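Below is one structure, written out as structure tokens; the observations come after it.
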Amino acid sequence: MAEKVDILQVIDFPSFTNARLESLFSVHKSFQAKDPDAFVEGLTQRIRGIVLTPPATARRALLEKLPKLEIISAFAVGVDVVDLDRAAERGIIVTNTPDVLTDCVADLGMGLLVAISRGIVAGDRYVRAGRWLREGDMHLTTALGGKTLGVVGLGRIGKAVAKRAEAFGMKIAYHGRRKQTGVDYAYHPDAASLARAADFLVLCCPGGDATRHMIDAEVLTALGPEGFLVNIARGAVVDEAALIEACQKGTIAGAALDVFENEPRVPEALFGLENVIVQPHQASATVATRTAMGNMMIDNLVRHFAGEPVLTPVG
């Protein structure tokens, strides 16, 4: 039997993904080590692949320790956690897991949109606290029909959210790096312009330096006191300090957030705000989707080490 290829696993995966990964490769789990850096130092001449998912990273410092590294296979769509420039310079293949998580992420995005506009989470707390009995009906909430949804990043997930929103009777506008051909939605050249035109702003764009703090105080002011923000992209897309202030002061009506800049550390200032919903990065977190993501991540490794083209190369 051929010797198994050595793979560095820098973060944990669901048990079913771990089991298949370990059946096919010699897996070295740095996230379990007391000193991950020292752990990697002992494997520098052996590691040929890395598997990871955000918030774990594969920055230049790690890549430079692994001269035999051939592939980084991500359990995610976004690969902003990988030093893509250095990987390209080294000829290291980077893969991700697109498509298989589109529907689940879009479902959660639409769920958060409904929940924040209709006060579903606040209503649950209202009943549990006995306030309905003591204080009567809760405050009125916001309808979706006829409102405009601004989508920042009209890729696979952005289009899937837009399709769902249309079923709720919403109008769609979008912002991206360029206007897309064959798309009838209104295009806006920047996020502030889109925010001014939208009642709801949903973030579906990639992370990374190009979009870091794209949603800043200016954009939030443009969204306005009746506008809501939903983030299913990356936490760093939003200036969290500006968002906290906007939610506290009523600059915007509220926000529903699945991602955060330093997750799993979430700003405590958000916890006491009734107009904010927070989730633990759950958008793709269903058994079916995470199984498919794990299999695609592993299949990319299998194909590469068998000398075949990978399924989903990045770039």
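Each residue of the sequence shown is one higher than the last, beginning at 34 in the working numbering. All C-beta atoms, glycine included, are put in the ideal place defined by N, C-alpha and C. Source: prediction; values computed, not measured.
Within this structure, are the beta carbons of Ser150 and Thr175 separated by less than 7 Å? Yes. Within cutoff.
So, using beta-carbon positions, are Val259 and Ala286 closer together than 7 Å? The sequence given here places Glu at residue 259; Val does not occur at that position. A contact, by the Cβ cut-off of 7 Å.
For Val154, report the span of its alpha helix (DSSP H) as first-last. Residues Ile153 to Arg161.
Pick from Ala206, Gln213 and Arg211 that is closest to Ala219, judged by C-alpha positions: Checked all of Ala206, Gln213 and Arg211; the closest Cα to Ala219 is Ala206.
Near Ala155, which residues of its chain fall below 6 Å by C-beta distance, leaving aside the five closest residues on each side in sequence? Its chain contains Glu307 as the residues whose beta carbon lies nearer than 6 Å to that of Ala155, once the 5 sequence neighbours on both sides are disregarded; these appear in chain order.
For Gly178 and Val184, which I take to be in contact (beta-carbon distance under 8 Å), what is that distance rounded to the nearest angstrom? The beta-carbon separation of Gly178 and Val184, rounded to 17 Å, does not stay under the 8 Å limit for a contact.
Quickly, what does DSSP pair Ala91 with across the bridge? List them, please. Answer is Val115, bridged to Ala91.
Hey, would you say Gly82 sits closer than 7 Å to Ile44, going by beta carbons? At least 7 Å separates the beta-carbon of Gly82 from that of Ile44.
Once the 5 residues before and after His61 are set aside, which same chain residues still bring their CB inside 6 Å of it? So the list reads Leu41 and Leu76, once near-sequence residues are dropped.
For Ala107, the three-state DSSP class (helix, strand or coil): Correct three-state label for Ala107: strand.
I need the DSSP call for Met34, collapsed to helix, strand or coil. Here the model assigns Met34 a pLDDT of 47, short of 50, so the residue's position is not dependable, and the following value carries that caveat. In the structure shown, Met34 sits in coil (DSSP, three-state: anything other than H, G, I, E or B).
Endpoints, beta strand (DSSP E) assigned at Ile190: It is not in any beta strand (DSSP E) - Ile190 instead sits in the alpha helix (DSSP H) that spans Arg189 to Ala200.
Would you kindly report the start and end of the unbroken beta strand (DSSP E) that includes Asn333? No beta strand (DSSP E) holds Asn333; the alpha helix (DSSP H) holding it covers Val320 to Phe338.
Which same chain residues end up closer than 8 Å to Arg93 when comparing Cβ atoms and leaving out the 5 residues on each side of it in sequence? For Arg93, where only same-chain residues beyond five positions count, the Cβ hits under 8 Å are Asp116 and Arg119.
Pick helix, strand or coil for Val271, following the three-state DSSP scheme. Note: Val271 maps to strand in three-state DSSP.
Closest to Gly268 by C-alpha separation, out of Gly327, Val235, Asn295 and Thr319, would be which residue? Among Gly327, Val235, Asn295 and Thr319, the Cα nearest to that of Gly268 belongs to Asn295.
Taking 7 Å as the threshold (C-beta atoms), are Ile248 and Val270 in contact? Yes, they are a contact pair.
Decide if Lys180 is buried, meaning its Cβ has at least 16 other Cβ atoms within 10 Å, or exposed. Residue burial is scored here from C-beta neighbours: Lys180 has at least 16 other C-beta atoms within 10 angstroms and is therefore classed as buried.
Roughly how many whole angstroms lie between the Cα atoms of Lys196 and Glu97? Answer to the nearest angstrom: the Cα atoms are 43 Å apart.
Kindly confirm or deny that the segment 98 to 107 and the segment 51 to 60 touch, where touching means at least three C-beta pairs closer than 8 Å. No, the segment 98 to 107 does not touch the segment 51 to 60.
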